Amino acid sequence: DDPLAKMTEQERAAKREQMMKLSMEERQARRQQELQGLTTEDVSVTIPVGVPVVKAAVGQGLTDGGESASLADIRSGMSLVIWTQDGKTDAATAEYVRIAGTQP
C-alpha cells in the first residue's frame, strides 16, 4: 500500500513543504526509513529508444512536469517511476520514465 495514495492534496503539499526544509542528508535518512517497510522485487523493463525520460526535482509530484532527461542521467541508487504499457509488470515495456527526487 502506498501511503501517499491515501493522502489528500493538502496533506501532500504539507509533506512536500516539510521535506523541502530538510537538508539533503535528512531527506535521504527519512527516505531510507520510509523504504524499510516496503518489500522489493527485481523486475525487468524494456525502455525503447524514444521513450520520454523526465527528471523531477525534490518535492515535485508525479504530474508536475519536470526537466527533460535521458537514460544516461540514471545512476545507481536513484528512484525511478516507470509507466508501463497496459500497467503490466511481467515482461513490461516502458512508455514513460521519471527520475524521482533529484536536486534542482
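Residues 14 to 117 in our numbering are what the sequence shown spells out, letter by letter. By construction, the Cβ of each residue, glycine as well, lies at the ideal position given by its N, Cα and C atoms. Just so you know, these numbers come straight off a predicted model, no measurement behind them.
Does the Cβ-Cβ distance between residue i and residue j come in under 8 Å?
i     : j      : result
Tyr2  : Val56  : With the chain covering 14 to 117 only, the question about residue 2 has no answer from this structure.
Thr59 : Ala113 : no
Ala82 : Val67  : yes
Leu35 : Arg43  : yes
Ala69 : Arg25  : no
What first and last residue would you give for the alpha helix (DSSP H) that runs through residue i?
i     : result
Leu93 : Note, Leu93: premise wrong, no alpha helix (DSSP H); beta strand (DSSP E) at Ser92 to Thr97.
Lys28 : Glu22 to Met33
Glu47 : Met37 to Gln49
Going along the chain, which residues of its own chain have a beta-carbon closer than 6 Å to the beta-carbon of residue i, five neighbours each way excluded?
i     : result
Gln98 : Thr106 and Glu108
Ile95 : Val58, Ala107 and Val110
Of all the options the options, which has the alpha carbon lying nearest to the alpha carbon of residue i?
i     : options                        : result
Leu48 : Met33, Met91, Lys19 and Arg111 : Met91
Ordered along the chain, which non-local residues of its own chain (more than five positions away) have a Cβ less than 7 Å from that of residue i?
i      : result
Gly100 : none
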